[in-house]
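Asker: So in my numbering, the last spot in the sequence shown is 488, and the numbers never skip.
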Amino acid sequence: LDDPGLDIAAGEEFLQEVFQILLEEGVQKSTDVTQKVCEWKEPQELRELMDLELRSDGEGQERLLQRCRDVLRLSVRTGHPRFFNQLFSGLDHHALAGRFLTETLNTSPYTYEVAPVLVLMEEQVLAKLRELVGWSSGDGIFAPGGSMSNMLAMNVARFRRFPESRSRGNWDLPRLGLFASQESHYSILKGAALLGIGTDNVHLVRTDERGKMIPEELEKEIQRVKAEGSEPLFVCATSGTTVLGAFDPLDAIADICARHGLWLHVDAAWGGSALLSPQLRHLLAGIHRSDSVTWNPHKLLMVGLQCSAFLLRDSSGLLQRCHGVGASYLFQQDKFYDVSLDTGDKSPQCGRRADGLKLWILWKAVGTRGLGWRVERAFAATRYLLEQVKRREGFQLVMEPEFINLCFWFIPPSLQGQESSPEFWDKLGKVAPAIKEKMIRRGSMMVGYQPLGSRVNFFRQIITNPAVTRQDLDFFLDEIQELGWDL
Ligand code: ABU
């Protein structure tokens, strides 16, 4: 114990080398369009290549450095301009610097004493996001992803109506009713299961042909659920559905919630960033009337996983009363500073990542205008692609996009003109998975596909990365055409 048990000099030397590898393999290659997006390996081959087994003895630095290179080389390059697979993509250098800072600090923003800068940054970033929602006061906390933010909303809504549920649980509550659209995120069902409300008590409200909740159907569902003896509690409207990118009509939904005294939550995990654009913020008209909002800057703002803000209109301390337990080893009330800055008790988590830092540094780097410009660029890129899809042979739109989700089928020549045949849709449903397999094996690009309701598998193209150029978008369509032509 007389000497440190770590070789600090060797550790620093190792890190220097790792930084170089990160820069070359993780940053430069990840953003270089001439590189592959992914290097497909079958799982068993990958297990062997990576030599995953953990042994009794450690390995030397050279071997470990090679392992770092392999992790980067054999992983998917989500920062690549031809990665369109998820609602997140791209690599922002400032935000990445924020992630490095967060990892290096290795602290939890639960108390001001262990994370003074990070607590104040979180406070500032949340206030700014709330301002964009249209609230001059309120509360909030960063959560580990949009699903958790949605679940926090459900829990706080139940607590506000039934404060005793916190201590007594669900056993003497009425049967509750939760409402969300058919296109809402699956986390509402998961949350109902996790919180003991029950997935049978989530009522999925019909949507129109564009995927938007129909307010009249919400009203009917509320009436039906009431007539059955349940107590409606919570409505989740979605601003930017996962697949179609639909925006529910918030004002009409807010009117219904006000009439029935229901909590209105807006899941704006995907579409919330449109609030930064003067041109697009109308999509969320009425959001200021909600009780809570989920907004994931790790999606459209390219902040990096994960960065999900749970925002609350209430400024009476509801979040603290709902989740706070006041652990005496963390949240001592007799500290020498303002203990209202020990914000971690508002969260059900104890250890929590400081996800506000990377957004703060990105915001400082590009400003509110720069963030809004990114959203508008993504929107403009989608419009360009839309025009191309309309012009090109074999492409068929699922619908005109309202936002950034461009959904379309590719119909190979062998199926063209056969739209009236009974097997057409079955056959078409196999095309997107076949093209996707080919593109992943080739490593040329990645894009998502899914069926939706009665619609067979179609591609969902998402552009969030400002590094994507017209050439990348032309390549994207050329590649689908080439990979799908002979099917
Ligand atoms: N939270 C839904 C994300 C799924 C996707 O990236 O497509």
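The C-beta atom is built at its ideal place from N, Cα and C for all residues, glycine as well.
Does Ser90 get closer than 8 Å to chain D when you measure Cβ to Cβ?
Answerer: The chain labelled as chain D is not found in the depicted structure, where only one protein chain is given.
Asker: May I ask whether a heavy atom of the ligand ABU can be found less than 7 Å away from the beta carbon of Gly147?
Answerer: Looking up residue 147 in the sequence shown gives position 146. Yes, the ligand ABU has a heavy atom inside 7 Å of this Cβ.
Asker: Can you say whether Lys227 is buried or exposed, counting buried as having 16 or more other CB atoms within 10 angstroms of its CB?
Answerer: The residue you call residue 227 lines up with position 226 of the sequence shown. Lys227 should be labelled exposed.
Asker: According to DSSP, is Cys323 part of a helix, a strand, or is it coil?
Answerer: As a working mapping, residue 323 is identified with position 322 in the sequence shown. Here Cys323 sits in helix by DSSP.
Asker: Relative to the ligand ABU, is the shortest distance from any of its heavy atoms to the C-beta of Thr243 smaller than 7 Å?
Answerer: Mapped onto the sequence shown, residue 243 falls at position 242. It does: the Cβ of Thr243 is within 7 Å (strictly closer) of some heavy atom of the ligand ABU.
Asker: Could you compute how far the alpha carbon of Met214 sits from the alpha carbon of Thr208?
Answerer: Counting from one through the sequence shown, the residue named residue 214 turns up at place 213. Counting from one through the sequence shown, the residue named residue 208 turns up at place 207. Cα to Cα, the separation comes out at about 4 Å.
Asker: Quick check: Leu320 and Ile464, are their CB atoms within less than 8 Å of each other?
Answerer: Sequence index remark: in the sequence shown, residue 320 carries index 319 (1-based). Sequence index remark: in the sequence shown, residue 464 carries index 463 (1-based). Taking 8 Å as the Cβ cut-off, Leu320 and Ile464 do not qualify as a contacting pair.
Asker: Lys114: which of Lys336, Glu424, Ala310, Pro423 sits nearest, CA to CA?
Answerer: As a working mapping, residue 114 is identified with position 113 in the sequence shown. Per the sequence presented here, residue 114 reads as Glu, with Lys not at that position. It is Lys336.
Asker: Where DSSP assigns a beta bridge to Trp172, which residues make up the other side?
Answerer: For the purposes of this step, residue 172 is identified with residue 171 of the sequence shown, where counting begins at 1. Beta-bridge pairing links Trp172 to no other residue.
Asker: Would you tell me roughly how many angstroms separate the C-alpha atoms of Asp173 and Pro233, rounded to the nearest one?
Answerer: Numbered from 1 along the sequence shown, position 172 holds the residue referred to as residue 173. Numbered from 1 along the sequence shown, position 232 holds the residue referred to as residue 233. One C-alpha to the other measures close to 16 Å.
Asker: Going by Cα to Cα distance, which pick from Gly357, Leu429, Gln87 is closest to Val126?
Answerer: Position 125 of the sequence shown, counted from the start, is the residue given in the question as residue 126. Comparing Cα-Cα distances from Val126 to each of Gly357, Leu429, Gln87, the minimum goes to Gly357.
Asker: Taking 7 Å as the cut-off, is the C-beta of His283 nearer than that to any heavy atom in the ligand ABU?
Answerer: As a position in the sequence shown, residue 283 is number 282, starting the count at 1. For the ligand ABU, not one heavy atom lies less than 7 Å from the Cβ of His283.
Asker: Name the one or two DSSP bridge partners that Ala238 has.
Answerer: The count along the sequence shown starts at 1 and reaches residue 238 at position 237. Answer is Val267, bridged to Ala238.
Asker: Give the DSSP-derived three-state secondary structure of Asn297 in the structure shown.
Answerer: What you label residue 297 is simply residue 296 of the sequence shown in a count that begins at 1. In this structure, Asn297 counts as coil in the three-state DSSP scheme.
Asker: Am I right that Arg78 and Val38 are in contact with their C-beta atoms under 8 Å? What's the rounded C-beta distance?
Answerer: Residue 78 sits at position 77 when you count from the first residue of the sequence shown. Residue 38 sits at position 37 when you count from the first residue of the sequence shown. 5 Å between Cβ atoms; contact.
Asker: Within 10 Å of its beta-carbon, does Gly246 have 16 or more other beta-carbons around it, so buried, or fewer, so exposed?
Answerer: Translated into positions along the sequence shown, residue 246 becomes position 245. Label assigned to Gly246: buried.
Asker: Please return the same chain residues whose Cβ sits closer than 8 Å to the Cβ of Pro279, not counting the five positions on each side in sequence.
Answerer: Translated into positions along the sequence shown, residue 279 becomes position 278. If we look at Pro279 and ignore the five residues flanking it on each side, its Cβ neighbours are Gly373.
Asker: Under 8 Å, with one C-beta from each stretch per pair, do the region 29 to 48 and the region 441 to 450 reach the 3-pair mark?
Answerer: With the cut-off at 8 Å, the region 29 to 48 and the region 441 to 450 touch.
Asker: Pull up the distance between the alpha-carbon of Val399 and that of Pro452, whole angstroms please.
Answerer: Translated into positions along the sequence shown, residue 399 becomes position 398. Translated into positions along the sequence shown, residue 452 becomes position 451. For Val399 and Pro452, the distance between alpha carbons rounds to 11 Å.
Asker: With three or more C-beta pairs closer than 8 Å as the rule, is the region 402 to 412 touching the region 237 to 252?
Answerer: Enough Cβ pairs lie closer than 8 Å, so yes.
Asker: Buried or exposed for Trp486, going by 16 or more other Cβ atoms inside 10 Å?
Answerer: Position 485 of the sequence shown, counted from the start, is the residue given in the question as residue 486. Label assigned to Trp486: exposed.
Asker: Between which two residues does the beta strand (DSSP E) holding Asn107 run?
Answerer: For the purposes of this step, residue 107 is taken as residue 106 along the sequence shown, with counting starting at 1. Element bounds for Asn107: n/a, residue is neither H nor E.
Asker: Considering just the uninterrupted stretch of the beta strand (DSSP E) at Ala181, what are its terminal residues?
Answerer: Translated into the one-based positions of the sequence shown, residue 181 becomes position 180. Where Ala181 is concerned, the enclosing beta strand (DSSP E) stretches over 177 to 182.
Asker: In its own chain, which residues sit with a C-beta less than 7 Å from the C-beta of Val376, not counting the 5 before and 5 after it?
Answerer: Mapped onto the sequence shown, residue 376 falls at position 375. The residues are Ser274, Ala275, Leu277, Ser278, Leu281, Leu301.
Asker: What residue range is occupied by the uninterrupted beta strand (DSSP E) comprising Met303?
Answerer: Stepping through the sequence shown from its first residue, residue 303 is reached at position 302. First-last for Met303: undefined, no H or E at that position.
Asker: Less than 7 Å separating the Cβ of His299 from some heavy atom of the ligand ABU?
Answerer: Sequence index remark: in the sequence shown, residue 299 carries index 298 (1-based). No, since every heavy atom of the ligand ABU falls outside the 7 Å radius drawn around the Cβ of His299.
Asker: Relative to the alpha-carbon of Ala194, which residue among Glu222, Ser148, Glu217 has its alpha-carbon at the smallest distance?
Answerer: Taking the sequence shown and counting its residues from 1, the one referred to as residue 194 is at position 193. Among Glu222, Ser148, Glu217, the Cα nearest to that of Ala194 is on Ser148.
Asker: Smallest Cα separation from Ile288: which of Ser455, Thr105, Arg161, Leu313?
Answerer: Position 287 of the sequence shown, counted from the first residue, corresponds to residue 288. Closest option to Ile288, Cα to Cα, is Leu313.
Asker: Assign Ala270 to one of two classes, buried (16 or more other C-beta atoms within 10 Å of its C-beta) or exposed (fewer than that).
Answerer: If you number the sequence shown from 1, residue 270 lands on position 269. Label assigned to Ala270: buried.
Asker: Quick one: does the C-beta of Lys204 sit closer than 7 Å to a heavy atom of the ligand ABU?
Answerer: Stepping through the sequence shown from its first residue, residue 204 is reached at position 203. Residue 204 is actually His in this sequence, not Lys. The answer is no for His204.
Asker: Please classify Met214: does DSSP put it in a helix, a strand, or coil?
Answerer: Position 213 of the sequence shown, counted from the first residue, corresponds to residue 214. Looking at Met214 - three-state DSSP - the assignment turns out to be strand.
Asker: How far does the alpha helix (DSSP H) with Met446 in it extend, from its first residue to its last?
Answerer: Along the sequence shown, one-based indexing puts residue 446 at 445. Neither: Met446 is in no alpha helix (DSSP H) and is coded neither H nor E.
Asker: Name the residue from Gly212, Arg290, Phe396 whose alpha carbon lies nearest to the alpha carbon of Trp264.
Answerer: Translated into the one-based positions of the sequence shown, residue 264 becomes position 263. Closest by alpha carbon: Arg290.
Asker: Hey, how far is the Cα of Asn202 from the Cα of Gly395?
Answerer: Within the sequence shown, the letter at position 201 stands for residue 202. Within the sequence shown, the letter at position 394 stands for residue 395. Those two C-alpha atoms are separated by around 43 Å.
Asker: In the DSSP assignment, find the unbroken beta strand (DSSP E) run with Val206 in it and report its ends.
Answerer: On the sequence shown, position 205 is the one that residue 206 refers to. Val206 -> beta strand (DSSP E) spans 203 to 206.
Asker: Under 7 Å from any heavy atom of the ligand ABU, does the C-beta of Ala228 make it?
Answerer: Counted from its first residue, the sequence shown places residue 228 at position 227. Checking the Cβ of Ala228 against the ligand ABU gives no.
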